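Heads up, the thing below is written out as C-alpha cells.
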Amino acid sequence: MLRDSLFLDVSSHLPHKQWLPPFFLLTSQITLDFIINISSLIEQHFTLRSIRGDALGYIANEKRKNRNKQSGAPYPEAKLSVTSLARIFKNLNRSRLPIQKREKFFFVFIYLWFTGELASLRKQDKSAKISNYSLPNLFRQQAYKTCQKNAFRTVMYESTSWVEYAVAYPVEDRIVYLWQPVPSRLNPFFQRFISSRGYERPFLSSKEKGELKTMIEKRWKQHGLDELEQSVGRKDNLINYFNICIQNDNRLSALPRYVLTHQHHRVHHDNARYYQQESSDRIRAKIFRAHERYLERLIFEIRALNLKEKFNVERRTKNGKEIEHIYLVDTTLKQKKPKVFKAHSIEQLHYHDGESKPSSAQTPLLVGSRRNVDVVTLASFFRQLERDIHSHAILIEEDNSLEALISYYNLCTYHLTLCFLICTGVRPTHHISIESRRYFPGKKASVYDKGHYREIFINEYLSEQIHQYQRLQQRIMSRLPAQVFQLEKDVLWYLIDDNQTAQTVSASLLEQFLEQRAATFVAYSIRHTFAQFALEHVTPSSLSNAQIDRLMGHANMGENIGNDHIFPQHRQQLVQHVNRIASNFNLQKVCYVR
Numbered sequence: 018m019l020r021d022s023l024f025l026d027v028s029s030h031l032p033h034k035q036w037l038p039p040f041f042l043l044t045s046q047i048t049l050d051f052i053i054n055i056s057s058l059i060e061q062h063f064t065l066r067s068i069r070g071d072a073l074g075y076i077a078n079e080k081r082k083n084r085n086k087q088s089g090a091p092y093p094e095a096k097l098s099v100t101s102l103a104r105i106f107k108n109l110n111r112s113r114l115p116i117q118k119r120e121k122f123f124f125v126f127i128y129l130w131f132t133g134e135l136a137s138l139r140k141q142d143k144s145a146k147i148s149n150y151s152l153p154n155l156f157r158q159q160a161y162k163t164c165q166k167n168a169f170r171t172v173m174y175e176s177t178s179w180v181e182y183a184v185a186y187p188v189e190d191r192i193v194y195l196w197q198p199v200p201s202r203l204n205p206f207f208q209r210f211i212s213s214r215g216y217e218r219p220f221l222s223s224k225e226k227g228e229l230k231t232m233i234e235k236r237w238k239q240h241g242l243d244e245l246e247q248s249v250g251r252k253d254n255l256i257n258y259f260n261i262c263i264q265n266d267n268r269l270s271a272l273p274r275y276v277l278t279h280q281h282h283r284v285h286h287d288n289a290r291y292y293q294q295e296s297s298d299r300i301r302a303k304i305f306r307a308h309e310r311y312l313e314r315l316i317f318e319i320r321a322l323n324l325k326e327k328f329n330v331e332r333r334t335k336n337g338k339e340i341e342h343i344y345l346v347d348t349t350l351k352q353k354k355p356k357v358f359k360a361h362s363i364e365q366l367h368y369h370d371g372e373s374k375p376s377s378a379q380t381p382l383l384v385g386s387r388r389n390v391d392v393v394t395l396a397s398f399f400r401q402l403e404r405d406i407h408s409h410a411i412l413i414e415e416d417n418s419l420e421a422l423i424s425y426y427n428l429c430t431y432h433l434t435l436c437f438l439i440c441t442g443v444r445p446t447h448h449i450s451i452e453s454r455r456y457f458p459g460k461k462a463s464v465y466d467k468g469h470y471r472e473i474f475i476n477e478y479l480s481e482q483i484h485q486y487q488r489l490q491q492r493i494m495s496r497l498p499a500q501v502f503q504l505e506k507d508v509l510w511y512l513i514d515d516n517q518t519a520q521t522v523s524a525s526l527l528e529q530f531l532e533q534r535a536a537t538f539v540a541y542s543i544r545h546t547f548a549q550f551a552l553e554h555v556t557p558s559s560l561s562n563a564q565i566d567r568l569m570g571h572a573n574m575g576e577n578i579g580n581d582h583i584f585p586q587h588r589q590q591l592v593q594h595v596n597r598i599a600s601n602f603n604l605q606k607v608c609y610v611r
C-alpha cells in the first residue's frame with residue numbers, strides 16, 4: 018500500500034507520457050525501499066513500546082494487588098474512609114426522608130457494612146460488576162431461642178445490656194450460627210433500636226429495602242460539597258473497609274479470619290486454617306477485638322478532622338414528641354465495657370424461656386483441625402522411644418554384630434526424623450531429611466517443599482541431635498563399604514535396609530514404624546501439632562499471623578522473602594519460638610554414641 022501510494026505521488030507530478038530514465042527509476046526504487054523499511058521499524062518500535070508499557074503496567078498493578086491481599090499489608094486510608102462514610106451519613110440524613118426510616122436505614126446499613134455482608138451482596142460470583150442483589154430480612158428474636166441467620170437479640174453482660182447478632186461458623190461440613198456481641202461503639206445505638214422492635218418481624222419492608230439499596234448505589238455527585246467532602250475515596254473501598262482490614266490484620270489468626278470472610282471469598286493462605294484449632298469462644302473474643310480496632314481507627318480520624326457533627330443520626334425521643342441526635346463519636350457517653358470482653362474468650366450466654374438473666378454458658382464448639390496430637394501423648398511417645406534407644410545402646414555393647422548395629426542405627430534414624438518433624442513442622446512427604454549441602458549447622462536449612470525450596474530454622478535441640486547422629490553415622494560407615502551409601506541425593510540421615518543398602522526415610526516407611534510402635538497418631542499430625550503450638554505461643558509475646566505462615570511455609574506470592582533481613586526482630590522471635598519446642602514437648606537429649 019505504501020509503495021503504490023508513493024509511485025502515484027511521483028507519477029502525478031510528471032507531464033503526460035514523459036519518459037523516465039532507468040537510473041531515476043532505480044534511485045526511486047531504492048529510496049522507496051528505504052522509506053518503507055524505516056517506517057516499518059518505527060511502527061514496530063512503537064508497537065513493542067506500547068506492548069511493553071502495557072505489560073509493565075499490568076505487572077505493577079498485579080504486584081500492588083498482591084501486596085494488598087496479604088497479612089501485614091496497610092489498612093485502607095482512614096481519612097478517605099471517614100470522608101466517604103460522612104457522605105453516606107449525609108445522604109441518609111436528608112430532610113425528605115422520614116425520621117423513622119432514617120433510624121432503620123442507618124441500622125441496616127451500619128450492620129451490613131461492618132459485617133462485610135454488603136460487600137458480599139454487591140459483588141457475587143467474583144464478578145467485577147455490581148450484582149442485582151436484594152437486602153436480607155433482619156429481625157429480632159427472643160434471647161432463649163437458637164441463633165438463626167440475620168437474627169439479633171439482647172442479653173445482659175454483667176449489668177450492661179448488649180446487642181448480639183448471628184455469625185456463621187463453618188464447622189466440619191455444616192454452617193452453625195452463633196451469637197456475636199456488637200462493637201462497643203455501636204452498642205448504644207443498636208440497643209436503643211433493637212429494644213423498640215417486635216420479635217420475628219423484619220426491620221425493613223420490601224419497599225424500604227429497595228429504597229435503601231437505591232440510596233447506597235446512587236452515584237455520588239460533587240456539586241455543592243466543600244473541599245473536605247470532595248476528598249472521598251471509592252465507594253467500593255468504603256464498603257470493603259472491614260473486609261480489607263480483616264484481610265490485612267496481622268494480629269488476627271487464620272480461623273477468625275476465615276469465619277469472617279469465608280462467605281466473601283477473601284481468604285488469604287486458605288490452607289492455613291486446616292492446621293489450627295480454636296474454640297468458638299476464643300474466636301468470638303478475637304472477632305470482637307478486631308472490630309473494635311477497625312472502628313477506633315475511624316473514630317480517631319473523625320476527632321482529628323473535627324467531623325463529629327457529620328456523624329449523627331436523628332431520631333425521635335422515647336415519648337415521640339421531640340427529636341434527638343445520636344452521635345457515633347459521643348464524648349459525653351462513658352463506654353462501660355464489661356470485663357468479660359477483655360478476656361481471651363467470650364462465652365455465649367444461654368437463656369431459658371422467661372428468664373431475664375442468663376442461666377449458664379453454652380458449650381463452645383471446636384473449629385478447625387482435629388488432627389493435632391495432644392502434648393502429653395506426643396511427649397509420652399518420645400519418652401518411650403528414648404528409653405528404647407537407651408536399652409538398645411546397652412545391647413549393642415554386648416552384641417557387637419553388624420545386624421544389631423544396623424537395627425540400632427535405624428531406630429536412631431527414626432527418632433531423629435520425628436525430632437526433625439516436631440522441631441520444623443515440615444510436611445512428611447518424599448524423602449524426610451535435609452540435603453547435606455543445604456544444611457547450615459545450628460542455624461537453618463533449606464528443604465524442597467511444594468515445588469520450591471524454603472528456609473527452615475534449626476533449633477538448638479535438633480542441631481545437637483544431628484551432631485550426635487553424625488557420630489553414629491561415622492561408626493556404621495566404618496563397618497560397611499562405601500558403595501552402600503550412594504544415594505540419589507546426599508542427605509544427612511538415611512536408613513540401612515535388609516540388603517545393607519542405604520535408603521531415604523519416606524512417608525510410608527515412617528508410617529510403618531509408627532504402626533509397629535502402636536502410635537495413636539500419623540506422621541502428618543505432627544505438622545498440625547507444630548502449627549497449634551505456634552498459634553498458642555504467648556511467651557514472651559504471641560506470634561503474628563505472618564510469622565506463623567512463615568514457619569509453616571504458607572506463601573502465595575513470595576511475601577515471606579526478605580522479611581528476615583528487613584525485620585531482624587521478626588526472625589529473632591521465630592528463633593526464640595522454635596528453641597522452646599523441645600522443652601514444651603519434654604524432648605530429652607539422646608546420645609546415640611556412648
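In this text, residue positions in the sequence shown follow my numbering: the first is 18, and each later residue adds one.
All C-beta atoms, glycine included, are put in the ideal place defined by N, C-alpha and C.
This one's a predicted model, so the numbers in the text were calculated from it and none came from an experiment.
query	result
Our contact map puts I513 next to I423 with C-beta atoms below 8 Å; I'd like the distance itself, whole angstroms only.	5 Å
Roughly how many angstroms separate the alpha carbons of F169 and I451, rounded to a whole number?	55 Å
Please state if the CB of L272 and the CB of E295 are separated by a distance shorter than 9 Å.	yes
Taking Cβ to Cβ, would you say K230 is nearer than 9 Å to L152?	yes
If you follow the alpha helix (DSSP H) that F602 is in, where does it begin and where does it stop?	Premise fails: F602 is in no alpha helix (DSSP H) and is neither H nor E.
Reducing DSSP to helix, strand and coil, say where Q520 ends up.	strand
From the DSSP output, in three-state form, read off Y511 for me.	coil
Sort A519, K96, D515 by Cα distance to L509 and report the nearest one.	A519
What are the uninterrupted segments assigned as alpha helix (DSSP H) that are 4 or more residues long and contained completely in the region 159-212, given in chain order?	204-212
Looking at the secondary structure, which residues open and close the beta strand (DSSP E) in which G570 lies?	Where G570 is concerned, there is no enclosing beta strand (DSSP E), given that its DSSP letter is neither H nor E.
Per DSSP, H342 is paired with what?	E331
If you check the beta carbons only, do I192 and D298 fall under 9 Å apart?	no
Could you give the distance in angstroms between the alpha-carbon of R488 and the alpha-carbon of R611?	10 Å
Could you name the residues that DSSP lists as bridge partners for S377?	H367
From the DSSP output, which residues share a beta bridge with K461?	F457, F474
Compute the Euclidean distance between the alpha carbons of K121 and A90, then round it to the nearest angstrom.	35 Å
Identify every residue that forms a DSSP beta bridge with L428.	Paired residue(s): none; L428 is not in a bridge.
Return helix, strand or coil for E326, following the three-state DSSP convention.	helix
Is I439 closer than 9 Å to K461 when the C-beta atoms are compared?	no
Expressed to the nearest angstrom, what Euclidean distance is found between the alpha-carbon atoms of V443 and I413?	32 Å
Consult DSSP for H448 and reduce its assignment to one of helix, strand or coil.	strand
Excluding the five sequence neighbours on either side, which residues of its own chain have a C-beta within less than 7 Å of the C-beta of L497, listed in chain order?	Q517
Within a Cβ cutoff of 6 Å, which residues of the same chain sit near R202, ignoring the five residues on either side of it in sequence?	L312
In three-state terms, what does DSSP make of H469?	strand
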